[in-house]
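Taking it in order: structure first as structure tokens, then the write-up.
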Amino acid sequence: MKDISEEITSYQSAKDVAKALRIKPVTLKKYSLLIEKVSKGNVTFERSEDKSRLYTATDVTLIHSTLDTRNQNNLSYEKAVESILKEEAILDATGDTPTVALKATLNNDLNVTANALFAVMNEQNAQIDQLIKTNNELVESNKKLSNDMREFFEEKKALEEVKENSIKKKWWFFQKIDI
Numbered sequence: 005m006k007d008i009s010e011e012i013t014s015y016q017s018a019k020d021v022a023k024a025l026r027i028k029p030v031t032l033k034k035y036s037l038l039i040e041k042v043s044k045g046n047v048t049f050e051r052s053e054d055k056s057r058l059y060t061a062t063d064v065t066l067i068h069s070t071l072d073t074r075n076q077n078n079l080s081y082e083k084a085v086e087s088i089l090k091e092e093a094i095l096d097a098t099g100d101t102p103t104v105a106l107k108a109t110l111n112n113d114l115n116v117t118a119n120a121l122f123a124v125m126n127e128q129n130a131q132i133d134q135l136i137k138t139n140n141e142l143v144e145s146n147k148k149l150s151n152d153m154r155e156f157f158e159e160k161k162a163l164e165e166v167k168e169n170s171i172k173k174k175w176w177f178f179q180k181i182d183i
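Following our numbering, the numbering of the sequence shown begins with 5 at its first residue and continues without gaps.
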């Protein structure tokens, strides 16, 4: 199942990105390989069905920032990539992937979020249990009401029959007297 952010993301071909950055496609490929290598797999570029790289707006911005840093500071492309990746917090100050402290912070944030979700789920489960209990009480009340109504109508019918019988008897009774 695709994530919504994947559906919204638009991709550009290497040729279009190279043209926008005013570099050759071969140079773009070289820079992309270097970014993937320096980031130690933290930055990867999507691939099309024919295995060519596809670039998002974020990828283009990363490459453009690297080119600007390289040109402004007279750095090698590798040093510029390291500098930008450190700024973007993709690498730590030593050039390694995110530190244990950062991972611990992320795990802690995930735990807090998970605990909040569990609390909400528990609250919803309690509400569901209360609704089930209320529903069962209403069902029982409806059954009792149906029985009471049935008894009422049976008694009403019986009373009407008694009333009819008493009227018939009186009519017969008067008829016998007249004869």
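Even for Gly, the Cβ is constructed at its ideal location relative to N, Cα and C. In this text, all values refer to a predicted model and were calculated from it rather than measured experimentally.
Contacting residues, own chain, Cβ-Cβ under 7 Å from residue i (five flanking each side not counted)
i    : result
T73  : L79, A84, S87 and I88
P29  : A18, K19 and A22
R51  : R57 and L58
Q111 : One point to set straight first is that residue 111 is Asn, not Gln, in the sequence displayed. Excluding residues within five positions, none has a Cβ falling inside 7 Å.
Chain-order list of residues whose beta-carbon lies under 8 Å from that of residue i (same chain, five-residue window excluded)
i    : result
I67  : V21, L25, L32, Y35, S36, I39 and Y59
S145 : none
Three-state secondary structure (DSSP) of residue i
i    : result
L58  : strand
E92  : coil
S69  : helix
S87  : helix
S14  : coil
V166 : helix
K19  : helix
S80  : coil
I132 : helix
I27  : coil
N139 : helix
N46  : coil
Beta-bridge partners of residue i, as assigned by DSSP
i   : result
R51 : R57
Proximity to residue i [Cα-Cα], best of the options
i   : options                : result
D63 : S43, K160, N75 and N77 : S43
I27 : G45, L71 and L121      : L71
E91 : S69, T109 and N75      : S69
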